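Scroll down for the structure; my scribbles are underneath it.
There are 2 protein chains.
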Amino acid sequence: MTPPARNARSRTGRRSGDSGSKAAILEAARAQFADYGYDGATIRAIAAAAGVDPALVHHFYGSKERLFAASMELPIVPSEAITAALARREPGSSLGTHMVRSALALWEGADMRDSFQAMLRSALTSEQAATTLRDFLTDAILAPVSRVAAGPDPDGASFRASLVAVHMLGLAVSRYVLRIGPVAQASQDELAAAIGPAIDRYLTGDIG
Amino acid sequence: MTPPARNARSRTGRRSGDSGSKAAILEAARAQFADYGYDGATIRAIAAAAGVDPALVHHFYGSKERLFAASMELPIVPSEAITAALARREPGSSLGTHMVRSALALWEGADMRDSFQAMLRSALTSEQAATTLRDFLTDAILAPVSRVAAGPDPDGASFRASLVAVHMLGLAVSRYVLRIGPVAQASQDELAAAIGPAIDRYLTGDIG
DNA sequence: AAGGGAATTCAACGAGCGTAGAATTCAACA
DNA sequence: TGTTGAATTCTACGCTCGTTGAATTCCCTT
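So the sequence lines, in the order shown, correspond to chains A and B.
For the first sequence, my numbering begins at 1 and goes up steadily by one.
For the second sequence, my numbering begins at 209 and goes up steadily by one.
Rendered as structure tokens:
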């Protein structure tokens with residue numbers, strides 16, 4: 001419809017050969033991967049959303065696989081965000097409650113939203129993305145969480161961290177992918193209050 | 209490899225025109241949908257796995273969509289199984305623990321295994337299958353669970369049931385789709401002991 | 001003004017998909 | 001045995017996909 005404002009770029013301080021298409025492609029890729037998963041998203045649709053020829057996408061990124069990797073690259077450094085959130089806990093709420101609220105805020109923030117849901121949907125679709133997410137969970141979640149989980153027992157700590165991941169993953173899938181009514185409509189605080197104590201128990205409580 | 213034993217049927221008491229191909233196709237469809245999701249599974253691969261021409265699949269089921277519906281049809285009556293499991297609780301374990309153990313046993317039983325994982329993977333892939341699973345969760349899970357959830361408050365009961373669904377869904381995705389190490393390797397009893405109390409709290413405990 | 005390199009588009013190939021209809025085999029029955 | 005209807009296969013259409021290489025446009029540098 002709208003002739004996508006070609007050459008609408010101007011003096012935005014880009015380096016020599018830059019035109020802004022690369023960034024637009026990445027943005028469109030994140031959105032498409034978020035909505036349709038890795039397999040469902042098409043280079044042609046991504047190119048169309050970015051107002052660009054499909055061949056240009058291929059010219060920049062070489063393959064769909066590498067485009068996916070590139071579109072997931074930057075945002076996947078929230079291990080710091082997690083560690084920070086774990087430390088920044090306020091006195092009023094439990095650690096688990098704070099984790100749930102922080103995670104929801106992070107996932108639904110403008111920065112992460114597309115990337116996270118793209119990663120989530122894609123991981124459930126493609127084996128490659130599943131491996132990526134599995135590794136990410138291991139490195140970025142299980143490790144920092146294990147550090148605060150109770151007990152000197154390393155096996156126990158990784159089991160505890162996995163249970164946390166299980167619950168958080170269920171929350172994400174229910175709220176963003178399946179959109180199960182009450183879970184999709186509840187506020188971040190409601191969910192944090194309801195789920196937080198379960199996380200607390202996985203972190204430091206008595207688990208079978 | 210193995211030339212799939214064509215015409216290996218014999219006197220198995222089938223009705224006039226029956227040949228067994230329809231059943232073989234359904235079985236192959238379930239397996240393929242389980243491994244690759246709705247979009248990832250192809251009629252051609254299903255036909256090949258069933259040792260049959262793709263056109264025959266189309267001849268019997270008319271479309272991929274209807275084949276999917278047919279392959280999911282029979283096994284999706286576990287609402288009775290759930291209700292029964294809820295009633296059959298033994299004195300030794302809590303209701304939540306019993307629910308988790310029953311669910312794992314059901315999901316991993318020979319009857320359900322393929323169908324359940326097919327439904328799970330497909331729901332995460334295709335919007336149509338997601339709707340199917342959402343409706344299924346609502347009818348078959350939330351309703352019976354709401355009945356045993358605490359309080360006369362109907363809203364509260366459906367929120368409680370949703371939280372149960374969130375956790376069980378996370379368990380299923382972690383164990384079967386992403387195969388997160390500790391969760392994939394743990395025994396049914398270990399998981400039941402660890403997760404059961406969280407389910408108990410969602411059913412009858414204090415949730416924010 | 002000219003050159004050159006990056007950005008971008010054009011047109012097309014080859015593969016896989018779901019689906020369709022005609023043709024063929026098969027098995028039961030008159 | 002000949003017929004009939006179901007089961008099954010053959011062939012192919014139309015579509016979309018990722019990818020490719022050549023052609024073209026753009027814009028900075030000299």
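Backbone N, C-alpha and C fix where the C-beta goes; we use that ideal spot for every residue, glycine too.
Because the structure is a prediction, the values reported are computed rather than measured.
Could you spell out the range, first to last residue, of the alpha helix (DSSP H) harbouring residue i?
| i | result |
| --- | --- |
| Glu298 (chain B) | Looking at the DSSP string, Glu298 (chain B) is not in any alpha helix (DSSP H), and its letter there is neither H nor E. |
| Thr333 (chain B) | Taken as a continuous stretch (DSSP letters only), Thr333 (chain B) belongs to no alpha helix (DSSP H), as it is neither H nor E. |
| Val57 (chain A) | Pro54 to Tyr61 |
| Arg30 (chain A) | Ser21 to Gly40 |
| Ile46 (chain A) | Ile43 to Ala49 |
| Asp408 (chain B) | Gln396 to Thr412 |
| Ala103 (chain A) | Leu95 to Glu108 |
| Gly416 (chain B) | That residue, Gly416 (chain B), is in no alpha helix (DSSP H); it is neither H nor E in DSSP. |
| Met280 (chain B) | Lys272 to Glu281 |
| Arg355 (chain B) | Ala351 to Val356 |
| Val183 (chain A) | Gly181 to Gln185 |
If I'm right that residue i touches residue j with Cβ under 8 Å, what's the distance once you round it to whole angstroms?
| i | j | result |
| --- | --- | --- |
| Leu104 (chain A) | Ala194 (chain A) | No, Leu104 (chain A) and Ala194 (chain A) are not in contact; Cβ-Cβ is about 12 Å, not under 8 Å. |
| Ala258 (chain B) | Ala292 (chain B) | Contact doesn't hold; Cβ gap of about 33 Å is too wide. |
| Leu303 (chain B) | Ala357 (chain B) | Not quite, the Cβ-Cβ distance comes to about 10 Å (not below 8 Å), so this is no contact. |
| Arg309 (chain B) | Asp397 (chain B) | 7 Å |
| Ala198 (chain A) | Ala406 (chain B) | 4 Å |
| Thr305 (chain B) | Gly404 (chain B) | 3 Å |
| Ala47 (chain A) | Tyr61 (chain A) | At roughly 11 Å, the Cβ-Cβ gap does not stay under 8 Å, so Ala47 (chain A) and Tyr61 (chain A) are not in contact. |
| Val173 (chain A) | Val381 (chain B) | 6 Å |
| Met476 (chain B) | Ala318 (chain B) | Outside the modelled stretch of chain B, which goes from 209 to 416, sits residue 476 (chain B), for which no answer is possible. |
Using the beta-carbon of each residue, which ones in chain A are nearer than 9 Å to residue i?
| i | result |
| --- | --- |
| Arg378 (chain B) | The sequence shown places Gly at residue 378 (chain B), not Arg. Within chain A, the residues near Gly378 (chain B) are Ala165, Val166, His167, Met168, Leu169, Gly170, Leu171, Ala172, Val173 and Ser174. |
| Val385 (chain B) | Ala123, Leu124 and Ala130 |
Output, in chain order, the set of chain B residues within a Cβ distance shorter than 9 Å of residue i.
| i | result |
| --- | --- |
| Phe159 (chain A) | Pro390, Val391, Ala394, Glu398 and Ala402 |
| Gly208 (chain A) | Thr305, Asp397, Glu398, Leu399, Ala400, Ala401, Ala402, Ile403, Gly404 and Pro405 |
| Leu26 (chain A) | Per Cβ cutoff of 9 Å: no residues; Leu26 (chain A) is ~24 Å from chain B at best. |
How would you list, in chain order, the residues of chain B whose beta-carbon sits under 7 Å from the beta-carbon of residue i?
| i | result |
| --- | --- |
| Ser93 (chain A) | Simply none; closest approach about 10 Å. |
| Leu67 (chain A) | Near Leu67 (chain A) there are no residues of chain B at all, since even the closest Cβ is about 19 Å away, more than 7 Å. |
Name, please, each residue of chain A whose Cβ falls closer than 7 Å to the Cβ of residue i.
| i | result |
| --- | --- |
| Leu417 (chain B) | Residue 417 (chain B) cannot be examined here, being either before or after the span of chain B that is shown, 209 to 416. |
| Leu341 (chain B) | Leu178 |
Counting only Cβ pairs nearer than 8 Å, list the residues of chain A close to residue i.
| i | result |
| --- | --- |
| Arg355 (chain B) | In chain order: nothing, as chain A lies at least about 16 Å away. |
Which residues in chain B have a C-beta closer than 8 Å to the C-beta of residue i? List them in chain order.
| i | result |
| --- | --- |
| Arg89 (chain A) | Within 8 Å Cβ-Cβ: nothing; Arg89 (chain A) doesn't reach chain B, min ~17 Å. |
| Ser71 (chain A) | Going along chain B, no residue has its Cβ under 8 Å from Ser71 (chain A), so there is no contact; the nearest lies around 20 Å. |
| Ser21 (chain A) | Residues of chain B passing the Cβ test: none, with the nearest at roughly 29 Å. |
Check whether the region 328–340 of chain B and the region 232–246 of chain B are in contact - that is, three or more C-beta pairs closer than 8 Å.
Yes: the two stretches touch, three or more of their Cβ pairs being nearer than 8 Å.
Against chain A, which members of the region 240–272 of chain B pass a CB distance test of less than 8 Å?
Within the region 240–272 of chain B, the residues whose Cβ lies closer than 8 Å to some Cβ of chain A are Gly245, Asp247 and Gly248, listed in chain order.
Short of 8 Å Cβ to Cβ, which residues in the region 310–325 of chain B face chain A?
Those residues of the region 310–325 of chain B that come within reach of chain A (Cβ to Cβ, closer than 8 Å) do not exist; the list is empty.
Tell me whether the region 161–170 of chain A and the region 381–391 of chain B touch, counting them as touching only if at least three CB pairs, one residue from each stretch, are closer than 8 Å.
Result yes; three or more Cβ-Cβ pairs closer than 8 Å.
If we count Cβ pairs, one from each stretch, closer than 8 Å, do we get three or more for the region 20–27 of chain A versus the region 45–59 of chain A?
These segments touch.
Can you confirm whether the region 156–165 of chain A touches the region 361–370 of chain B when touching is taken to mean that 3 or more C-beta pairs between the two stretches lie within less than 8 Å?
As far as the Cβ criterion goes, the region 361–370 of chain B does not touch the region 156–165 of chain A, which means the pair count is below three.
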